[in-house]
Amino acid sequence: MANVDLQAVRDEWVGKVYDTTEFPIDAQHLVDWAVACGETESRFTEPDDADFQAHPGYVSHFTAGRWTPKGFPELGNGRGVDGGKAVEIFGPIRPGDVLTASTEIADVYDKTGRSGTMIFVVNRMTFRNQHGDKVATVDWRQIRATDG
Amino acid sequence: MILDLHTHSVRSDDGRAKVDNYCQWIRKKELPLDGFVLTEHRQYDDTSDYRDLEDQYGLLILKASEVETDYGHVLVFGVNDDLVHAFDFARVDNPIGEVLDAARRCGAVAAPCHPGRVNVGLFAHYEAKGPVEGVDLVEIYNGGSRPGEDEFSEARAAEFGYKGFGGSDSHIVSRIGYCATEFEDPIGSMDDLMAALRGGRFEARTWRT
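So the protein lines, in turn, are chains A and B. Just so you know, we're using my numbering here: the first sequence kicks off at 26 and counts up by one. Just so you know, we're using my numbering here: the second sequence kicks off at 7 and counts up by one.
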């Protein structure tokens, strides 16, 4: 098992927002992203489309100002890898929107695999538009190796 | 009747497969599966209801768990309220003896999976700590095994007299059915499955190339 009390880490850190950043949405960026993804649907690639909006994966490229909150404990042995992102969309993101992303630690847990015990730190960015509507969440998993 | 006894859906933290997509894939690819068991990591999913999918696709969909112990990962079939409270499913270091005892006491069936795998396989721990009592079944064919792992599992299972079963350990849709288990009797429920496992009326199957 990871040589750290993960329940104590969860109790102290999960749910605390540690970064808030604004992201203005530009039409050309939306088109560029969709085209780069190989998207062909006009609602993602044509600004003149009546339903033009961000491709579902668009928000995944935004990052918070910090990876972890100030004072967050060093977990694992220093080796880490990117565990990928999971995006959930709740509403359309349109050009001209200004998204506000609030970032929190959503979970900290461990698991075992071929390479031993690993600690997962899940950062969640919650995006709301200028009307206060939640439009997306992005969960990013950082994987920390341990010596266990 | 052929069931894949080891699959993960998006309910697992590393699962990328939706259950309805598993069903679509099985039918589209005409896989020889009659159903599958969802064995989510370190939890028991007591909320999802897949009966509509079972009816729509004519497949049996059962729910179990994959828990982690000091002797590697263990599949638990027949999880119930008593068992959920008998040990902490979320822990990664449950003593295997406690898991096996709890399963037996609560009417479930516990069986180590991918036993030939380093760090998380039963037989890797046997090398260091010796065998444990109470193991009857192990997964000898696992769809995520590296070359040599299943052969090692099969040989060691035979040595210890453990009956072997198969499961794909799929985390994405296209991996379901790589390995499975063929039963002599019809299986229509978790009780049927546990009875067949206890009775040894099955054979492990693999379609890995």
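Glycine residues also receive a C-beta, built at the ideal position from the N, C-alpha and C atoms.
Check whether the Cβ atoms of residue i and residue j sit closer than 8 Å, and answer yes or no.
i, j, result
"residue 44/A", "residue 128/A", "yes"
"residue 178/B", "residue 7/B", "no"
"residue 121/B", "residue 181/B", "no"
"residue 119/B", "residue 47/B", "no"
"residue 131/A", "residue 154/A", "no"
"residue 151/A", "residue 137/A", "no"
"residue 9/B", "residue 117/B", "no"
"residue 169/A", "residue 124/A", "no"
Find the residues of chain A that neighbour residue i, judging by a C-beta separation of less than 7 Å, and give them in chain order.
i, result
"residue 126/B", "137, 138 and 139"
"residue 98/B", "26, 135, 136, 137 and 142"
Check the Cβ-Cβ distances between residue i and every residue of chain B, and say whether any is below 8 Å.
i, result
"residue 142/A", "yes"
Could you tell me which residues DSSP puts in a beta bridge with residue i?
i, result
"residue 127/A", "45/A and 151/A"
"residue 158/B", "Answer is none; residue 158/B lacks a bridge partner."
"residue 143/A", "136/A and 170/A"
"residue 114/A", "161/A"
"residue 118/B", "80/B"
"residue 90/B", "BP columns for residue 90/B are empty, so no partner."
Given this structure, state the Cα-to-Cα distance separating residue i from residue j, to the nearest angstrom.
i, j, result
"residue 106/A", "residue 145/A", "10 Å"
"residue 26/A", "residue 125/B", "Reliability fails at residue 26/A, whose pLDDT of 48 lies under 50, so the model's placement of it is uncertain and no value is given."
"residue 77/B", "residue 134/A", "19 Å"
"residue 81/A", "residue 112/A", "8 Å"
"residue 63/A", "residue 85/A", "16 Å"
"residue 91/B", "residue 164/A", "29 Å"
"residue 69/A", "residue 115/A", "16 Å"
"residue 195/B", "residue 28/B", "19 Å"
"residue 199/B", "residue 54/B", "19 Å"
"residue 147/B", "residue 215/B", "12 Å"
"residue 170/B", "residue 75/B", "19 Å"
"residue 26/B", "residue 112/B", "30 Å"
"residue 101/B", "residue 93/B", "9 Å"
"residue 70/B", "residue 82/B", "6 Å"
"residue 71/A", "residue 157/A", "26 Å"
"residue 145/B", "residue 184/B", "13 Å"
"residue 176/B", "residue 80/B", "15 Å"
"residue 15/B", "residue 23/B", "5 Å"
Below 9 Å on C-beta distance, what does residue i contact in chain A?
i, result
"residue 181/B", "Near residue 181/B there are no residues of chain A at all, since even the closest Cβ is about 16 Å away, more than 9 Å."
"residue 48/B", "134 and 136"
Would the beta-carbon of residue i be found less than 7 Å away from any heavy atom of the ligand ADP?
i, result
"residue 122/A", "This structure lacks the ligand ADP, and indeed carries no ligand of any kind."
Can you name the residues of chain A whose CB is closer than 8 Å to the CB of residue i?
i, result
"residue 74/B", "136 and 137"
Using beta carbons (cut-off 8 Å, strictly below), is residue i in contact with chain A?
i, result
"residue 17/B", "no"
"residue 123/B", "yes"
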